[in-house]
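**Q** Note that the UniProt record's numbering has the sequence shown beginning at 11, numbered continuously upward.
Heads up, the beta-carbon is just placed ideally off N, CA and C, and yes, glycines get one too.
It should be emphasised that the depicted structure is a prediction, and the values quoted were computed from it without experimental measurement.
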Amino acid sequence: GLADLPPVESDSLLQLIALCNADPRPEKIDVGVGVFRDGEGRTPILKVMKEAERRLLETQESKSYLGSAGDKRFAELLRPILLGEHADDDRIVGVQTPGGCGALRLGFELLATANPSARVLIGTPTWPNHPPLVRAVGLEIAEYPYYERGQGSIRFDAMLDALSKAERGDVALLHGCCHNPTGADLDEPQWRQVRDVVVERGLIPFIDIAYQGFGRGLEEDAFGVRLMLSSCDEVIIAQSCDKNFSVYRDRVGSLFLKTGSPEASARAMAHVFQRAREMWSMPPDHGAASARIILDDPQLRSDWLVELAGMRDRINSVRARLAAADPRLAFIGRQFGMFSMLPLSKEQVLKLREDHAIYMADSGRFNVVGMSDAQIDRFIAAVAEALDA
Ligand code: PMP
């Protein structure tokens with residue numbers, strides 16, 4: 011019966027949030043949770059989103075069902091942003107999903123339907139929710155080395171070597187930009203080399219892009235996505251708007267896929283709808299409809315780009331400040347997105363928590379914009395002390 015269920019090892023990041031919330035010290039620094047914070051330490055609703063929501067409330071006349079594809083115009087408006095020069099390729103089809111998580115799950119469901127014996131190659135380390143999402147559909151996981159924490163660099167040769175040993179039809183899960191948890195992104199020549207191996211071995215690239223616009227820029231961050239689309243017949247892309255529109259809890263994302271022909275893509279999409287129907291039937295409307303209003307209005311769209319650039323500038327300026335403060339933190343200035351990993355042992359991470367009320371993941375992953383501007387100097391001093399120990 012239900013009473014016989016074993017206890018569940020709760021998600022360590024969720025545990026960390028609870029621990030931090032329970033800490034009464036007013037000076038505590040929460041660099042565990044993965045949300046953008048401004049200089050005052052807030053995660054504000056974008057001004058442009060407030061305006062879009064106001065318009066949505068005023069104009070929406072029905073909340074009748076939309077169907078498994080969700081807001082079709084939303085997915086259409088995302089095409090040029092995500093796919094760039096491939097926006098008009100009718101072999102690429104997309105659908106709204108409940109956030110990036112929903113897109114990942116749906117993509118893995120499709121792969122498991124198409125080829126249950128495919129393996130999914132996952133970098134080490136990767137976002138801790140990737141392996142459970144793959145396991146949930148019953149696909150086998152294989153790992154490729156990705157990042158050397160002590161060196162602050164990508165283990166690129168080892169990565170290529172592992173990918174080049176994969177079997178035809180295996181899936182290479184790649185982070186589009188702003189790698190979580192390391193911040194270490196492939197540069198353009200590295201993307202090209204990965205592409206070469208993917209093409210040569212007949213692998214399917216599956217790109218998870220949850221932070222477009224948080225790294226080098228909205229266009230630049232889509233480089234890997236577009237490169238794979240240029241070179242491969244089959245590509246899967248799980249996209250999230252939860253960060254770049256700052257609508258985390260509204261669950262806004264999309265799944266795009268490419269096959270060799272429009273007919274095959276339409277057939278694959280029919281399977282996608284069926285899998286979606288079994289899980290959530292239809293994605294939630296509010297966030298995607300609001301994002302659609304923004305993207306459909308030239309003024310709101312350009313306002314969004316300004317606010318997005320504001321978030322990116324804060325991320326990159328905190329990175330620059332940390333990197334300049336201590337040569338041992340210089341690697342942080344060469345990385346992108348909200349996360350980096352400090353070369354600290356679990357004991358050192360716990361000591362930071364006890365002595366300084368600084369909360370980061372046991373792995374040493376921290377959110378560079380988790381701290382407010384006023385907390386940065388104290389963070390730097392505490393981390394320097396931990397690195398000296
Ligand atoms: N992929 C990665 C790498 C992420 O970091 C996240 C969010 N933490 C997601 C996907 C999922 O994002 P969402 O909240 O839109 O489901």
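#1: On the three-state DSSP scale, how would you describe V43?
#2: Compute the Euclidean distance between the alpha carbons of V262 and S291, then round it to the nearest angstrom.
#3: Could you tell me whether the Cβ atoms of R205 and L93 are closer together than 8 Å?
#4: Is L196 close to the ligand PMP? I mean its beta-carbon at under 7 Å from any heavy atom of the ligand.
#5: Consult DSSP for K38 and reduce its assignment to one of helix, strand or coil.
#6: Three-state secondary structure (DSSP) at H96?
#7: Whose C-alpha, out of I342, S300, Y221 and L143, is nearest the C-alpha of I55?
#8: Taking Cβ positions, are V45 and Y258 nearer each other than 8 Å?
#9: Is the separation between the beta-carbon of F346 and that of G227 shorter than 8 Å?
#10: I need the straight-line Cα distance from A392 to N190, nearest angstrom please.
#11: With a Cβ-Cβ cutoff of 8 Å, do I247 and I219 count as a contact?
#12: Can G11 be considered in contact with the ligand PMP, in the sense that its beta carbon sits closer than 7 Å to one or more heavy atoms?
#13: T107 bridges to which residues according to DSSP?
#14: May I ask whether a heavy atom of the ligand PMP can be found less than 7 Å away from the beta carbon of C187?
#15: Mind checking which residues open and close the beta strand (DSSP E) that includes P54?
#16: Note the first and the last residue of the continuous beta strand (DSSP E) segment covering H185.
#17: Which class does S241 belong to by DSSP, given the choice of helix, strand or coil?
#18: What do you reckon, is the C-beta of G117 under 7 Å from a heavy atom of the ligand PMP?
#19: Is L114 near the ligand PMP, going by C-beta to nearest heavy atom under 7 Å?
#20: Given a cut-off of 8 Å, decide if G179 and N125 are closer than it, judged by their beta-carbon atoms.
#21: Using the Cα positions of D252 and G110, report the straight-line distance between them to the nearest angstrom.
#22: Excluding the five sequence neighbours on either side, which residues of its own chain have a C-beta within less than 8 Å of the C-beta of W201, listed in chain order?
#23: Please tell me whether F389 and L352 are closer than 8 Å, where the distance is taken between their beta carbons.
#24: Taking the continuous beta strand (DSSP E) assigned at E153, which residues delimit it?
#25: Please name the residue, chosen from E63, A32 and N31, that lies closest to I304 on a Cα-to-Cα basis.
#26: Out of P155, E86, R159 and G162, state which residue places its alpha-carbon closest to the alpha-carbon of L184.
#27: I think L149 touches V130, with their Cβ atoms under 8 Å apart; what is that distance to the nearest whole Å?
#28: To test your reading of the DSSP string, which unbroken alpha helix (DSSP H) runs of 4 or more residues are found completely within the segment 255-307?
#29: State yes or no: is the C-beta of N254 nearer than 7 Å to some heavy atom of the ligand PMP?
#30: Let me know the secondary structure DSSP gives R375 once reduced to three states.
#31: What is the DSSP secondary structure of D383, counted as helix, strand or coil?
#32: How many angstroms separate the CA atom of P17 from the CA atom of Q70?
#33: Do A182 and F216 have their C-beta atoms within less than 8 Å of each other?
#34: Where does G320 fall in DSSP's three states?
**A** According to the structure data:
#1: Here the question's residue 43 lines up with position 33 in the sequence shown. Coil at V43, not helix or strand.
#2: Along the sequence shown, one-based indexing puts residue 262 at 252. Along the sequence shown, one-based indexing puts residue 291 at 281. Rounded to whole angstroms, V262 to S291 spans 15 Å at the Cα level.
#3: As a working note, residue 205 is residue 195 in the sequence shown. As a working note, residue 93 is residue 83 in the sequence shown. Their beta carbons are not under 8 Å apart, which means R205 does not touch L93 by this criterion.
#4: Counting from one through the sequence shown, the residue named residue 196 turns up at place 186. No, Cβ of L196 sits at least 7 Å from all heavy atoms of the ligand PMP.
#5: As a first step, residue 38 must be located in the sequence shown, where it is residue number 28. Of the three classes helix, strand and coil, the one that applies to K38 here is coil, per DSSP.
#6: Working through the sequence shown from its first residue, we reach residue 96 at position 86. If DSSP states are grouped into helix, strand and coil, H96 belongs with the helices.
#7: As a first step, residue 55 must be located in the sequence shown, where it is residue number 45. The option with the nearest alpha carbon to I55 is S300.
#8: Reading the sequence shown from its first residue, position 35 is the one you call residue 45. Reading the sequence shown from its first residue, position 248 is the one you call residue 258. In contact: V45 and Y258 (Cβ atoms closer than 8 Å).
#9: As a working note, residue 346 is residue 336 in the sequence shown. As a working note, residue 227 is residue 217 in the sequence shown. Not a contact, by the Cβ cut-off of 8 Å.
#10: Residue 392 sits at position 382 when you count from the first residue of the sequence shown. Residue 190 sits at position 180 when you count from the first residue of the sequence shown. About 23 Å.
#11: Counting from one through the sequence shown, the residue named residue 247 turns up at place 237. Counting from one through the sequence shown, the residue named residue 219 turns up at place 209. In contact: I247 and I219 (Cβ atoms closer than 8 Å).
#12: Indexing the sequence shown from 1 puts residue 11 at position 1. Outside the cutoff, so no.
#13: Taking the sequence shown and counting its residues from 1, the one referred to as residue 107 is at position 97. The partner list for T107 (beta bridge, DSSP) reads G263.
#14: Against the sequence shown, residue 187 aligns to sequence position 177. Incorrect: C187 has no Cβ contact closer than 7 Å to the ligand PMP.
#15: Walking along the sequence shown from the start, residue 54 turns up at place 44. Counting along the chain, P54 falls outside any beta strand (DSSP E), and DSSP gives it neither H nor E.
#16: In the sequence shown, residue 185 corresponds to position 175, counting from 1. Run containing H185: V181 to H185, per the beta strand (DSSP E) assignment.
#17: Locating residue 241 in the sequence shown gives position 231, counting from the first residue. Three-state result, S241: helix.
#18: As a first step, residue 117 must be located in the sequence shown, where it is residue number 107. G117: no, Cβ never under 7 Å from the ligand PMP.
#19: Locating residue 114 in the sequence shown gives position 104, counting from the first residue. Yes, the beta carbon of L114 sits closer than 7 Å to at least one heavy atom of the ligand PMP.
#20: The residue given as residue 125 occupies position 115 in the sequence shown. The residue given as residue 179 occupies position 169 in the sequence shown. Contact: yes.
#21: In the sequence shown, residue 252 corresponds to position 242, counting from 1. In the sequence shown, residue 110 corresponds to position 100, counting from 1. Each residue's alpha carbon lies about 8 Å from the other.
#22: Here residue 201 corresponds to residue number 191 of the sequence shown, with the count starting at 1. So the qualifying residues of the chain are F233, G234 and L237.
#23: Within the sequence shown, residue 389 is the residue found at index 379, counting from 1. Within the sequence shown, residue 352 is the residue found at index 342, counting from 1. In this structure, L352 does not lie closer than 8 Å to F389 by Cβ.
#24: Translated into positions along the sequence shown, residue 153 becomes position 143. E150 to P155 is the span of the beta strand (DSSP E), which, as asked, contains E153.
#25: Position 294 of the sequence shown holds residue 304. Of E63, A32 and N31, the residue nearest in Cα terms is E63.
#26: Walking along the sequence shown from the start, residue 184 turns up at place 174. For the residues P155, E86, R159 and G162, the minimum Cα distance to L184 belongs to P155.
#27: Here the question's residue 149 lines up with position 139 in the sequence shown. Here the question's residue 130 lines up with position 120 in the sequence shown. The pair is a contact, with the Cβ atoms about 5 Å apart (cut-off 8 Å).
#28: 272-289 and 296-306
#29: Along the sequence shown, read from residue 1 onward, the residue named residue 254 stands at position 244. False, no ligand heavy atom lies under 7 Å from that Cβ.
#30: Here residue 375 corresponds to residue number 365 of the sequence shown, with the count starting at 1. R375: strand per DSSP, three-state reduction.
#31: Along the sequence shown, one-based indexing puts residue 383 at 373. If DSSP states are grouped into helix, strand and coil, D383 belongs with the helices.
#32: Residue 17 sits at position 7 when you count from the first residue of the sequence shown. Residue 70 sits at position 60 when you count from the first residue of the sequence shown. About 44 Å.
#33: As a position in the sequence shown, residue 182 is number 172, starting the count at 1. As a position in the sequence shown, residue 216 is number 206, starting the count at 1. Contact: yes.
#34: Taking the first residue of the sequence shown as position 1, residue 320 is located at position 310. G320 falls in the helix class under three-state DSSP.
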